[in-house]
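Chemist: Before I ask anything, here is the structure I am working with.
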Amino acid sequence: MAPSHLPSDDSALDRYFWARHANPLSGWSRVPTLPLLIACLYRRDWRGLVLTLAFVAVNPFLFAPPEDDSAWMTKGVYGERLWTKADRDATSYPTVLNYLTGVAGLYALYAAVRRHPAETALATALSMALKLWFVAEMVHLYEAQRDG
């Protein structure tokens, strides 16, 4: 069950998804999916690419909701839920951080298709670092909402 200070106006399916998505095992098992996707694309491993995409799709449904909000990744997911519901400017922080993550990820995909190994590795690492920075900001958002 999600904490009471999270939005409750969602559909039952949406609440079910977010509750399971917040399990730290779900979050941490998703972390390597971008590098896996990029590696599969770079190597033209279509089977691996399809399997990785399938894992991404079913991942939030594989885990039970977390028992509490003590895990860093759980707080990050709860913060992201708050962030997605908030009325925010498209140029605000951490929205811009999220855009930068996407741009780095798209460039990593492009570099993988073009088979530029150094650019692929650098863009993937940058996208991952930016994503974890974004999650850290979501943790701060959640903690501020919870505590405040």
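Residue numbers (my numbering): 28 to 175. Just so it is clear, CB atoms sit at the ideal spot from N, CA and C, and this is done for glycine as well. Treat the numbers as computed from the prediction; the structure is a model and nothing was measured.
Alpha carbon to alpha carbon, how far is Ala-163 from Glu-107? Give it in angstroms, no decimals.
Modeler: Taking the straight line joining both Cα atoms gives about 10 Å.
Chemist: Where do the ends of the alpha helix (DSSP H) carrying Glu-94 lie?
Modeler: Here Glu-94 belongs to no alpha helix (DSSP H), and DSSP marks it neither H nor E.
Chemist: What does the Cβ neighbour count give for Gly-103, buried or exposed, with the cut at 16 atoms within 10 Å?
Modeler: Looking at its Cβ environment, which holds 16 or more other Cβ atoms inside 10 Å, Gly-103 is buried.
Chemist: Looking only at C-alpha atoms, which of Tyr-105, Leu-153, Leu-109 sits nearest to Leu-124?
Modeler: Checked all of Tyr-105, Leu-153, Leu-109; the closest Cα to Leu-124 is Leu-153.
Chemist: Within the stretch 35–102, note down every full alpha helix (DSSP H) run reaching 4 residues or more, in order along the chain.
Modeler: With a minimum length of 4 residues, the continuous alpha helix (DSSP H) runs that stay inside the stretch 35–102 are 39–48, 51–57, 60–70, 73–89.
Chemist: Just the Cα atoms here: how many angstroms apart are Ala-46 and Ala-145?
Modeler: Spanning the two alpha carbons is a distance of roughly 38 Å.
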